[in-house]
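Enquirer: Pasting in a structure now, in structure tokens, and then I'll have a few things to ask.
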Amino acid sequence: GLPYSYELEYQYPELTRIARWFVRSINEKLDVQLDRNEITSITVHFLNALEGEKISKTQQEEGERIRRIIAVITRIVEDFFQFQVDKSSFHYFRFKNHIKFFVQRKERGGEFSQENEELYESIREAYPGLAECVAQIDDYLEKEFGERCPKEELLYLMIHVRQLYSKERSDS
């Protein structure tokens, strides 16, 4: 079955509460010991029934991979600039979404534009530290996907990372 998901509990507290009651009732009435992972499974069943859409295994695995990649890239940025990213900020939300769509395009073999190479080069020269941080992200993503990021993607990463980092500096 599925591992217990706090994320699902957070997103659907009502359904989780019903699923928890459901598991407790089954355990008492049938004298069995279903563990709390079943709560997540039942919550997903409720969701499927309500939304009429099954969360496929591949979607689930893709979600896991995206979360892992976001966590690693966030750590690279934090370690490089020696600061704590504000995970509740709008900039971080946009940063996470950007990486999510990047990973989805990668996995579906999507095309990446090569248009903004000159802009990339000029920003790279203007912000060598930022470029170095994004180069570390590129090294990591190459291990993950077996190829380097296109320059345009590195440009977007620089913009997002700069927003995360400059927001941090201006607040402190």
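In our numbering, the protein residues as written are 1312 to 1483. Idealized CB from N, CA, C, for every residue including glycine.
Can you list, in chain order, the residues of its chain whose CB lies under 7 angstroms from that of T1327, leaving out five sequence neighbours each side?
Expert: The beta carbon of T1327 lies closer than 7 angstroms to those of L1319, E1320, I1350 and T1354 in the same chain, with the five residues before and after it left out.
Enquirer: Could you check whether E1455 and I1380 sit closer than 8 angstroms to each other, using their CB atoms as the reference points?
Expert: yes
Enquirer: I'd like the list of long-range same chain contacts for E1373, defined as Cβ closer than 8 angstroms, with 5 residues on each side in sequence excluded.
Expert: V1414, Q1415 and E1418
Enquirer: Looking at L1466 and I1434, is the spacing between their C-beta atoms short of 8 angstroms?
Expert: yes
Enquirer: Around the C-beta of D1482, are 16 or more other C-beta atoms found within 10 angstroms, so that it is buried, or is it exposed?
Expert: In this prediction, D1482 has a pLDDT of 49, which is less than 50 and means its spatial position is unreliable; nothing more can be read from the coordinates.
Enquirer: For K1407, which residues of its own chain have a beta-carbon under 7 angstroms away from its beta-carbon, when the five flanking residues on both sides are left out?
Expert: I1381
Enquirer: In this structure, how does DSSP classify R1386 when only helix, strand and coil are distinguished?
Expert: Note: R1386 maps to helix in three-state DSSP.
Enquirer: Does the Cβ of V1343 have 16 or more other Cβ atoms within 10 Å, making it buried, or fewer, making it exposed?
Expert: exposed
Enquirer: Express the C-alpha separation of K1340 and Y1317 in angstroms, rounding to a whole number.
Expert: 26 angstroms
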